[in-house]
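In mature numbering (1 follows the signal peptide of the UniProt record, and there is no 0), the protein residues as written are -17 to -1, 1 to 541. Reading through the structure tokens given below for one structure.
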Amino acid sequence: MLIFSKALMFLWAEAVATTCYTQNRSLIHTRHHKTPYEMVHNKKPDLIFFRVFGALCYPTNDSKDLRKLKPTADIGIFVGYAPSRKGYRIYNKRTRRIIETIHVQFDELTEQMAPVHIGIGPAPNFLMPGQIIQAPVNSADTPSSTTIDQEAPSLSISPPSLALQSHSLHQNVAAEPHYMEDHPVAPVGNNPFVNVFASEPHSEDSSSEDISSTESTYWIYKVKLDEYGDVLKNKARLVAKGYRQEEGTDFEESFAPVACIKAIHIFIANAANKNMTIYQMDVKTAFLNGELKEEVYVSQPEGFVDPDHPIHIYRLKKALYRLKQAPRAWFDTLSRFRLDNKFSKCAVDPTLFTRKTSKHILLVQIYVDDIIFASTDPNTCDMFSNEMSSKFQMSMMGQMSFFLGLQVSPSPEGIFINQSKFALKILKKFRMDLCDSVDTPMVDLLKLDEDPLGIPVDQTRFRSMVGSLMYLTATRPDHVFAVCMCARSKHIDIHHHFIQEQVERGVVELYFVMTNYQLADIFIKALPRQRFEFILPRLGMKSMSPTTLKRLREEEGE
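So, in structure tokens, the structure goes:
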């Protein structure tokens, strides 16, 4: 669609959405003889509403300061359909924004976009909408000029050149299957970087007879510091350029389940209930242990090209970092190893493994390469750590103290979780560590309205702040409302009301509760300190402050 309409690449998301919209209303299911839209809504779609993607159109100019001699319509480009109402999505060339409107006239016979460059010659520079800056018009109504950012990156598409490059790569591979010995990829003299692949290379030489694609590799260098900020060691890691892989051709499955924060809470609560000690371990270079199902070929790494066979490539037996299927390959390898050692996988949480004996039980929770485990028998934990060390290179970290940003502090009263280190980290990151603290997460009766005279904020930075605060609610649920208030933004269209449907079906029953006794206010409103302290104990919760813990210890001593 982009090539046919001669559209620029920044409209690729609109093209995908338009394709889904039209196919759901035009493709006939061979079994039911209906379109997907008709099967869901029990009515035929209105095809008269369809338009040609990328067609020139003229949306009505409905600005408030429109004068008599100003144009009543703008020049636009049709890029899709409104998902929640009857209307079109139009890219307005004047405002450089995408709008949704029904008041538009189409001219589907006129080409409106610059052609996309296809060829092996030099490509022309195409400008993104954000790189065109309109100069202000003076009082004499002189024509406006256009300023072009010369340093902006150009946008070009040259598929044939990519095809030629890929073709020449395969032609340079040796036709005869020569095999060479495995070369230990060890650090070269005077090279300060430590290579993580020196112990066990998992690749073999291959020819070009049955090769569909070859992945390139590159080195990532990292300086590892200790807790005092001193240089601990320099590391080098060979990774693959996995962004060139295509699903269905180079890999089949890339998703690997990970433990959610609620699963970690349940694991810790279960261990505290059964007086179990939680231990933690880490798998070194975990993805390198994942056994590949697909045939993956990579070029020889830079600096380690075999002089006798410089044009040979490697076929990987195990995964490399940044391959699309690397997370899934590692999870499958670890799961098979656990199941072969008489473990059982939880039906609800695939990252939880259990092994039961006559009197004891062993619990293992996995988060990629971080593993926590606990057992009612201390000897069982030692046996499990020895099993893992016999198969993988492990780093034993002792009792669980810090996991996924959670600080875990076991005590005779129970296991306490906090995120003070993570909170200080995000305060320093956003330069708010010198601000004064307040008693409550948010001022009561506060409303967040648009400030037309304010300075525009960086959207990426704001979303990063909200995301960090959302993770902080893992141990502070009283912050949820304040964070959700800051995160309010309608970025998706909601067609169904779940709670309303459950009330209509009788699954959920509503009761009238007076305002003074509404305990749910702690989760949906910003409350003053007195109101917060009034509601908290009535929910069966306690504020585990140092003063409260001291009083509990004194009560137990009496």
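Positions of the beta carbon are idealized from the N, C-alpha and C atoms, including for glycine.
Counting of Cβ neighbours within 10 angstroms places W(-6) among the exposed residues, the total staying below 16.
Distances from the CA of I261 to each of I355, Q402, T340 were compared; the closest alpha carbon is that of I355. Residue nearest to Q513 within the set S447, L522, R471, D422 is D422 (criterion: CA-CA distance). Here Y74 is buried: its Cβ has 16 or more other Cβ atoms, across all protein chains shown, within 10 Å. With fewer than 16 other CB atoms across the displayed protein chains lying within 10 angstroms of its CB, R80 is exposed. By the Cβ neighbour-count rule, M259 is buried, with 16 or more other Cβ atoms within 10 Å of its own. Here V466 is actually not in contact with V490; their C-beta atoms are around 28 Å apart, not less than 8 Å. In the structure shown, A223 adopts extended strand secondary structure according to DSSP, grouped into three states. Remark: C-beta atoms of F36 and F61 approach each other more closely than 9 Å. For N362, the three-state secondary structure derived from DSSP is helix. Under DSSP, I203 forms a beta bridge with R220.
Short of 6 Å from the beta carbon of D315, and not among the five residues preceding or following it, lies no beta carbon of its own chain. Sequence-distant Cβ neighbours of Q376 in its own chain, meaning closer than 6 Å and more than five residues away, are K267. By the C-beta density criterion, Y494 is exposed, having fewer than 16 other C-beta atoms within 10 angstroms. For D427 against P529, the beta-carbon gap comes to about 26 Å, at or over 8 Å, which does not count as contact. One thing to note: P42 has its Cβ within 9 Å of the Cβ of H86. Taking I400 as reference, the option from L522, G523, I244, I349 with the minimal CA-CA separation is I244. Shown here for E235: same chain residues with a beta carbon closer than 8 Å to its own, the five before and five after excluded, namely K276, E277, Q308 in chain order. In its chain, beyond the 5 residues on either side, V491 have a beta carbon closer than 8 Å to the beta carbon of I482.
In the DSSP assignment, no residue is bridged to Y500. The Cβ-Cβ distance between A239 and V351 falls below 9 Å.
When the Cα atoms are used, Y64 and D90 turn out to be separated by approximately 17 Å. By the beta-carbon neighbour count (other beta carbons within 10 angstroms, threshold 16), D57 is buried. Rounded to whole angstroms, the Cβ separation of T197 and P284 is 13 Å, and the two are not in contact under 8 Å. With 16 or more other Cβ atoms from the protein chains shown falling within 10 Å of its own Cβ, Y297 counts as buried. For V449, the secondary structure class from DSSP, reduced to helix, strand or coil, is helix. A distance below 9 Å separates the beta carbons of A254 and L346. Of the candidates M(-17), L410, S384, T5, the residue whose Cα lies closest to the Cα of P66 is T5.
L335 sits away from Q228, with the two beta carbons spaced by 9 Å or more. Counting along the chain, C243 sits inside no beta strand (DSSP E), nor does DSSP assign it H or E at all. Within the stretch 327 to 390, complete alpha helix (DSSP H) segments of at least 4 residues are found at 361 to 374, given in chain order. Residue state for C418 is assigned as coil, using DSSP reduced to three classes. When the alpha-carbon of G540 is set against those of S(-13), R72, E396, the nearest one is in E396.
According to the DSSP assignment, E484 belongs to the alpha helix (DSSP H) that extends over 481 to 488. The Cβ atoms of S368 and M468 lie no closer than 9 Å to each other. In this structure, the straight-line span from the alpha carbon of L(-16) to that of V440 is close to 33 Å.
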